[in-house]
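A.B. asks:
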């Protein structure tokens, strides 16, 4: 066309480089927003700007008739399906060799299928997902419990220092002379290690857990946790698991301290039975601690209620002072009913240097396990996430 006049644009106010519009020399390519409501459900814009957008879809008059409106995506998809069926026919895999079914090797097809599903839609739920997610949340919550414990140095110091005081005081009062135990004689420190271990487990898993949850409930922490996506079972399970680990660490610290400074004889043959006994006892008393929180009215009453239950049992359960032969029979029968005595006797048998065999006392472990199951049932039934009003 040379230097002649530019062809007029149908429906435009002037040339493409108009000083007011400033659109450039070439008209903009119409997009999805330029479609009218009748052209396939596009967005309809009223006013001057909408009119200008509709005019931009027109082509120069010299180019021929108006361009047909764009087809709706659904119609285009149906058209592609029709063409695909006409071309492929019955043997669709032959018409599309790149989509043909091949044998999976090294999980390549499975990975491709997962990627395709991730692009198109969310994958369906599977059974392992809930378990894996809860397990990860439980592990992370245990980590948070350790961080909170480490950031409270006063509580951490007295938690680990308190059992050591018992060992030092017993040696100062009774000395480290020999004492008779089933199978032979050993020093006093070796005799008191199982008792201190049982007391450490009870103090950490029962007393500490019940009091900490009571204070957290009165401060509103449990109510806030219940409103988060964290499963309640993961939160309470992390508390139980954390206290169990702390109790076993306490026993390890006391045993190592006694072996270094007071010549405690560590039975290596029955050491696995000793650790298993402590683990079962820790889990059982942690469940009992959760159950006890249902009967504690508020945080101020927590120390009195917890100690009123556990302190009398420590004196009638052969923990520090064995019952004499002239003691009333009914005291021994009451002690046999509760798990404190069974933890003490099982720990003494597993830590006996003269013990022959594995050192396990399955009867005592069964009684502690039954008490733990009962505590879990009561905790599920009566546990409260909000304080009483």
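Residue numbers (my numbering): 200 to 588. Quick reminder that beta carbons are idealized off the backbone N, C-alpha and C, glycines included.
Report back the beta-carbon spacing between residue 399 and residue 362 to the nearest angstrom; my notes put them in contact at under 8 angstroms.
C.D. replies: 5 angstroms
A.B. asks: Taking Cβ positions, are residue 463 and residue 392 nearer each other than 7 angstroms?
C.D. replies: yes
A.B. asks: What does residue 383 pair with, by DSSP beta-bridge criteria?
C.D. replies: 380
A.B. asks: Counting C-beta neighbours from all protein chains within 10 Å, is the total for residue 507 16 or more, i.e. buried, or is it exposed?
C.D. replies: exposed
A.B. asks: May I have the straight-line CA-CA distance separating residue 375 from residue 518, to the nearest angstrom?
C.D. replies: 18 angstroms
A.B. asks: Considering residue 540, what are the terminal residues of the alpha helix (DSSP H) in which it resides?
C.D. replies: 538 to 549
A.B. asks: Among 347, 386, 422, whose alpha-carbon lies nearest the alpha-carbon of residue 163?
C.D. replies: What is shown of the chain runs 200 to 588, which leaves residue 163 out entirely.
A.B. asks: Pop quiz: residue 450 and residue 396 are said to be a contact at Cβ under 8 angstroms. What is the actual Cβ separation, rounded to whole angstroms?
C.D. replies: 4 angstroms
A.B. asks: Quick one: residues in its chain with C-beta nearer than 6 angstroms to the C-beta of residue 415, no 5 flanking neighbours on either side, listed in chain order?
C.D. replies: 421
A.B. asks: Among 335, 547, 437, 423, which one has its Cα closest to the Cα of residue 485?
C.D. replies: Considering only alpha carbons, the answer is 437.
A.B. asks: Whose CA, out of 443, 409, 551, 575, lies closest to the CA of residue 381?
C.D. replies: 551
A.B. asks: According to DSSP, is residue 419 helix, strand or coil?
C.D. replies: Note: residue 419 maps to coil in three-state DSSP.
A.B. asks: Which residue comes first and which comes last in the alpha helix (DSSP H) that contains residue 488?
C.D. replies: 470 to 491
A.B. asks: What are the boundary residues of the alpha helix (DSSP H) that residue 580 is part of?
C.D. replies: Counting along the chain, residue 580 sits inside the alpha helix (DSSP H) bounded by residues 561 to 581.
A.B. asks: Can you tell me whether residue 288 is buried or exposed, with buried defined as 16 or more other CB within 10 angstroms of its CB?
C.D. replies: Its pLDDT being 48, under 50, residue 288 is placed unreliably by the model, and nothing is read from it.
A.B. asks: Assess, as a yes-or-no matter, whether the region 467 to 487 is touched by the region 553 to 573 under the definition of 3 or more beta carbon pairs within less than 8 angstroms.
C.D. replies: yes
A.B. asks: Out of 348, 537, 430, 356, which one is the CA nearest neighbour of residue 573?
C.D. replies: 537
A.B. asks: Rounding to the nearest angstrom, what Cα-Cα distance links residue 441 and residue 409 in this structure?
C.D. replies: 13 angstroms
A.B. asks: Just verifying my parser: in three-state terms, what is the DSSP assignment at residue 461?
C.D. replies: coil
A.B. asks: Checking 7 angstroms against the spacing of the C-beta atoms, do residue 490 and residue 578 come in under that value?
C.D. replies: yes
A.B. asks: From residue 296 to residue 332, what distance separates their C-alpha atoms?
C.D. replies: Legend: pLDDT at residue 296 = 49, less than 50; position of this residue unreliable, value from coordinates given subsequently. In a straight line, the C-alpha of residue 296 is about 40 angstroms away from that of residue 332.
A.B. asks: Could you say which of 566, 367, 580 lies nearest to residue 480 if we only look at CA atoms?
C.D. replies: Just measuring C-alpha positions, the residue of 566, 367, 580 sitting nearest residue 480 is 566.
A.B. asks: Classify residue 335 as helix, strand or coil using the three-state DSSP reduction.
C.D. replies: helix
A.B. asks: According to the Cβ coordinates, are residue 587 and residue 496 closer than 7 angstroms?
C.D. replies: yes
A.B. asks: I need the straight-line Cα distance from residue 368 to residue 389, nearest angstrom please.
C.D. replies: 14 angstroms
A.B. asks: Could you tell me the boundaries of the alpha helix (DSSP H) in which residue 352 lies?
C.D. replies: Residues 352 to 373.
A.B. asks: Measure the alpha-carbon distance for residue 349 versus residue 356 and round it to whole angstroms.
C.D. replies: 10 angstroms
A.B. asks: Is the Cβ-Cβ distance between residue 581 and residue 493 less than 7 angstroms?
C.D. replies: yes
A.B. asks: Going by other Cβ atoms of all chains shown within 10 Å of its Cβ, with 16 needed for buried, is residue 344 buried or exposed?
C.D. replies: By the neighbour-count definition (other C-beta atoms within 10 Å, threshold 16), residue 344 is a buried residue.
A.B. asks: Are residue 472 and residue 549 closer than 7 angstroms when you measure CB to CB?
C.D. replies: With respect to residue 549, residue 472 sits close: the two C-beta atoms are nearer than 7 angstroms.
A.B. asks: Are the CB atoms of residue 404 and residue 468 within a distance shorter than 7 angstroms?
C.D. replies: no
A.B. asks: How would you label residue 546, buried or exposed, when you count the other beta carbons within 10 angstroms and need 16 or more for buried?
C.D. replies: buried
A.B. asks: When DSSP labels each residue in this structure, what does residue 552 get in the three-state scheme?
C.D. replies: Three-state DSSP puts residue 552 in coil, outside helix and strand.
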